[in-house]
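Let me begin by presenting the structure, written as structure tokens, before commenting on it.
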Amino acid sequence: MFALGPLSFGAPLALIGLLSLPILWLLLRATPPAPKRAIFPPLRLLFGAPDDAETPQHAPWWLIVFRLLIAALVILGLSRPVWTPAAVVDETRPELIVVDNGWAGAASWGETSREAIRLLDEAERDGRLAAIIFTANSGEAPAPLRLDRPDAARRLLASASPMAWTVDRNGAASRIAAALDDGALTDAMAITWLSDGIDSDGSRALARALARALARALSGLGSVRVVEPDNGRAALAMAPPEPTASGLAIELRRVATGLPRTAAITALGNDGRAIARTDLTFEADSGIARSELSLPLDLRNRIASLRVEGVGSAGSVRLMGDQWRRPRVGLIDAPNEDGQPLLSDLHYVESAIAPFSQPVRGTLDDLLESEPAALVMVDDARTDDVRIGEFVANGGLLIRFAGPRLAARGDSLLPVDLRVGGRLLGGALNWEEPQRIAAFGDDSPFAGLPPDATATVDRQVLAQPGTATPDRVWARLEDGTPLVTAVRRGRGWIVLFHVTAGPEWSDLPLSGLYPRMLQRVLGLAQGGAATGPANGAWALDRALDAGGQLTSAPNSARPVTVANWEAASASPISPPGLYRLGSATAALNVIKADTVIAALPRDLPGVQFAGLDGPRPLRFIAALLTLALIMLALDVGLALALAGRLPLRLFGATATVWLIALALPLAPPADAQPTTTPPPPVSDDSFALEAALDLHFAYVITGNAAVDARSQAGLTGLSQEVTRRSAIEPAPPMGIDVETDPLIFFPLVYWPVARDAHALSPAAAARVTDYLQSGGLIVFDTQDADVAMLRAGAPHPGLVALLDSLDLPPLGPVPSDHVLTKSFYLLQEFPGRFSGSPVWVEANPDGTSRDGTSGVIIGANDWASAWAVDAAGRPSAPVEGGERQREMAIRFGVNIAMYALTGNYKADQVHVPDILERLGQ
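All letters in the sequence shown, in the order written, are residues 0 to 920 by numbering that gives the first Met the number 0.
What follows is the structure in structure tokens.
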């Protein structure tokens, strides 16, 4: 290291090259420029006068100076000059770097790692030893902490990454103390703590104790400089949202600073599409910002995650899981409430389920129109309407409560047969004292809930002997009589509480056990929160990394038992992410309701605070070499001009000075990032050649990157399944622009239609119409079967705009004997990611010139998502009805491919005699 005041050189021996400049001057003067060539035309000897300009003996002095300047810049650049401001201390002690690499440091990880690299470069330049330690536990054995060459610490930094959980500063302090005792660290070091600026990993007191412990450990070794991210890169933490009557209440937390800050939160569905968005503003000196997402229940239940836009951190993401999906529960109105609605049975039920569901009261007609996931029938609202049985058979949940009417007469909507009259305190089948609830069995949905000793039962309806089998009894009293029974009926459930919904027969509605039991029961409702059993363990399905993205589960992850789930926190063995237990899904997030975000205390002993944007040394190597390269290119141009190779006249030193002045502003800064050159456009011939040489399915490029990627993945998956299941071997799908690309090469075109789709231009409409008339097949998919009901019967606006541009015959639903139902598989339903939406084809294909085949298939079931696979060939999108529905969607896709390639072959009756003859043999 060689220094001249604040200017130092990392490779000072390169400065010896400056001694060669005088020699280079002599060489350049001794070497004349190349002679200028002139054309001598023999047929025009007398035209003009000859050029009497003489070639100089040596190069002009200004060109020599220019070239010497280039050589000097190269020599100075190779010497690695560094300008050290006065505010930067010239350190001579070994360097110890402590890095907070928890979730809070993910947003500023780029700046933090660059600062660590700068410190290591300085240590290497000064010939000092260095060591680095990370405060977040990675789940693996940490590298030994000892002073070594900076290269070793740089390799550790290159392999490190932020973790999706909080830091363990107490563990880091213990490692430093142990290394000091072992002699791996010296007593005097320059210590830099690259902190995330957060004082808490749970509670303020614990975080402050950890920070003080680390600071004391460090201060014994030397001075401590704490570097924190600035306000724009500081961590943001999203607290658990609170359900409201109109949506979700959102709260963001940060370290309180004197500067305001604005953030935006986006609610995303399972497919990655945005559902809603809201903005929040932190006032100056405020650490909390609040806002509300106003959404109808159907859209609210589709939210898979909440994310802060532009902030890559696990703490700024909130995975929702099943527990945030609130089912719509219909409460059948009782005809007589005695004028006291607050004392009615329905009031107790509504109050108990309101925190985790959307209760709706009304008549049976009104409730069924609202499509509830569950119906609640108290004794006063008892009805024998057959539509309730149909509701249960189709997958609904019916929750019933006993009462005098049910005790007098049973009906068919019960899980068990009942005795007439019931059982009460002081009656014929009496108790000497009210009965308490017995402990719940391990196979009961209520398993794990502690019985409430204050919840006693005075009266109940009794089951007939032999009907209350163990699989139907979910809860019992201490004498063994059933309290809650249930039975599966069709695709739904009937659950009976053998007491009233109010406190007339028991104290259960007055206890805290009542809403928890109802929450478990509502886990059976369609769209409700699937409550896992009390036994078993939650297994990590997809982990949330420090940047807030879902990835595969790490090797360090371990299942979390149900008993420990509520107390679980993000760690290497229980990373944040989505966990599964059977069919239930639960989310483990970094931020909990009691997480406090506060700044590091400013009274830590022996600590000086600084920012990542503080004064730092300036390096000139990149700027000097870049300038030398530009001047070298300019020198080539000057040499060509002097030799007459360029149509450029130079006027001595003045021209050179002007050229240099114009070229210098064009020099890129030292830290400029490389730009990406767009690929050359593909010619129409190459597109046609690629499309014609192999069989390709095509998808229409919409301009929406997410939709186009899903279409490509969907047709890729369909092509793989067609290859696996048939003799057809399609090549990878191709994206097409209907406005410019020819369609005739593709037998099948998948066209996702957005709500804001525009009408086609006349040229594109004519191209599509010609494609259909020549035998092509287009699958129009609006991909909105899950929210189509919100249009209240109105047509899809984007689909209307497209179809109005085309000349299509009348359309109708797919008939049961259509070729699509039997082209490869025998099908009567055509699901995709969603199901239940009608599928439309040409109503009378025999009337067209297409030999009885339809040119269009129109639906809303999002078939591409059901077909989509990732790079490993695994399904990449969830399907509403599970793997069975995905298989049916793939079969329908194979049928579409066969229909596009074979037309009405399956409808041709000419082969029937041969088939029958073969069957007879």
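Ideal placement from N, C-alpha and C gives every residue a C-beta, glycine not left out. These numbers come from a predicted model, not from an experiment.
Cβ contact (3+ pairs, closer than 8 Å) linking the region 580–590 and the region 144–152: Verdict: no, contact absent.
Which residues DSSP lists as bridging A542, in chain order: In the DSSP output, where bridge partners are listed per residue, A542 has T550, G576.
DSSP three-state assignment for S725, whether helix, strand or coil: Reduced to three states, the DSSP call for S725 is coil.
Rounded C-alpha distance that separates E513 from R475: First, the residue type needs correcting, since residue 513 is Tyr and not Glu in the sequence shown. In a straight line, the C-alpha of Y513 is about 14 Å away from that of R475.
Test item: CB-CB of A106 and G311 under 9 Å: Taking 9 Å as the Cβ cut-off, A106 and G311 qualify as a contacting pair.
Pair within 9 Å by beta-carbon distance, R324 and R299: Taking the C-beta atoms as reference points, R299 is found nearer than 9 Å to R324.
Within 9 Å, strictly: CB atoms of I538 and L580: It should be noted that the sequence gives Ala, not Ile, for residue 538. In this structure, A538 lies near L580, with their beta-carbon atoms less than 9 Å apart.
Assumed close pair L119, P149 - CB separation to whole angstroms, cut-off 8 Å: Contact between L119 and P149 holds, with the beta-carbon distance rounding to 4 Å and staying under 8 Å.
Distance between beta carbons of T560 and A536, contact taken as under 8 Å: Contact between A536 and T560 is confirmed by a C-beta separation of about 5 Å, below the 8 Å threshold.
Contact the region 750–760 vs the region 771–783: 3+ CB pairs below 8 Å: Because the criterion of three Cβ pairs below 8 Å is met, the region 750–760 and the region 771–783 touch.
Residue nearest to A865 in terms of C-alpha spacing, selected from G831, G858, P837: Among G831, G858, P837, the Cα nearest to that of A865 is on G831.
Ordered list of alpha helix (DSSP H) runs contained in the region 817–880, each at least 4 residues: Qualifying alpha helix (DSSP H) stretches, in chain order: 862–866.
Identity of the residue in F745, T722, G716 nearest V699 by Cα: If we check each option's Cα against that of V699, F745 comes out closest.
Extent of the continuous alpha helix (DSSP H) run through G402: Where G402 is concerned, there is no enclosing alpha helix (DSSP H), given that its DSSP letter is neither H nor E.
Local Cβ density within 10 Å of D410, reported as buried at 16 or more and exposed below that: Exposed, by the Cβ-count rule.
Close beta carbons around P371, own chain, < 7 Å, minus the five adjacent residues each side: Apart from the 5 residues on each side of it in sequence, P371 sits with its Cβ closer than 7 Å to the Cβ of R327, V328, G329, V359 in its chain, given in chain order.
Counted within 10 angstroms of its Cβ, other Cβ atoms place L637 as buried (16 or more) or exposed: Answer is buried; the Cβ neighbour count reaches 16.
Beta-carbon spacing of W108, A569 below 9 Å: No.
Neighbour-count burial assignment, A273, 16 or more Cβ in a 10 Å radius: That one is exposed.
Residue from G104, T480, D416 whose Cα sits closest to the Cα of R935: What is shown of the chain runs 0 to 920, which leaves residue 935 out entirely.
Residue-chain proximity (P239, chain C), Cβ-Cβ < 9 Å: Looking for chain C here will not work: only one protein chain is present.
Three-way DSSP call (helix, strand, coil) for G811 in this model: In the three-state reduction of the DSSP assignment, G811 falls in the strand class.
Local Cβ density within 10 Å of L184, reported as buried at 16 or more and exposed below that: Around the CB of L184, 16 or more other CB atoms lie within 10 Å, so the residue is classed as buried.
I132 in three-state terms, based on DSSP: If DSSP states are grouped into helix, strand and coil, I132 belongs with the strands.
Buried versus exposed call for G576 [16 or more other C-beta atoms within 10 Å across all chains shown]: Within a 10 Å sphere around the beta-carbon of G576 sit 16 or more other beta-carbons, which makes this residue buried.
P761 - containing beta strand (DSSP E), residue span: It is not in any beta strand (DSSP E) - P761 instead sits in the alpha helix (DSSP H) that spans 761–772.
Pick from R709, Q884, A704, L742 that is closest to A697, judged by C-alpha positions: Selected option, being the one with the closest Cα: L742.
P149, enclosing alpha helix (DSSP H) - first and last residue: P149: member of the alpha helix (DSSP H) spanning 149–158, first to last residue.
Own chain residues within Cβ distance below 7 Å of L647, not counting five before or after: Here the model assigns L647 a pLDDT of 45, short of 50, so the residue's position is not dependable, and the following value carries that caveat. The answer, listed in chain order, is A640.
Of the listed residues M162, G138, E123, nearest to S153 (C-alpha basis): Sequence inspection shows Arg at residue 153; the Ser mentioned does not correspond to that position. Closest by alpha carbon: E123.
Assigned secondary structure, D634 (DSSP; H/G/I helix, E/B strand, else coil): Collapsing the DSSP output to three states places D634 in a helix.
Check whether T499 and A401 have beta carbons under 9 Å apart: Yes; because the gap between Cβ atoms is below 9 Å, this pair is in contact.
Candidates L694, I735, G702, A708, of which the one nearest T722 by Cα: The shortest Cα separation from T722 among L694, I735, G702, A708 belongs to L694.
The region 793–810 / the region 869–881 touching (three or more Cβ pairs under 8 Å): These segments do not touch.
Beta-carbon proximity list for V73, same chain, < 6 Å, skipping 5 on both sides: Correct list, in chain order: A627.
Residue range of the unbroken beta strand (DSSP E) whose run includes S290: 287–293 is the extent of the beta strand (DSSP E) around S290.
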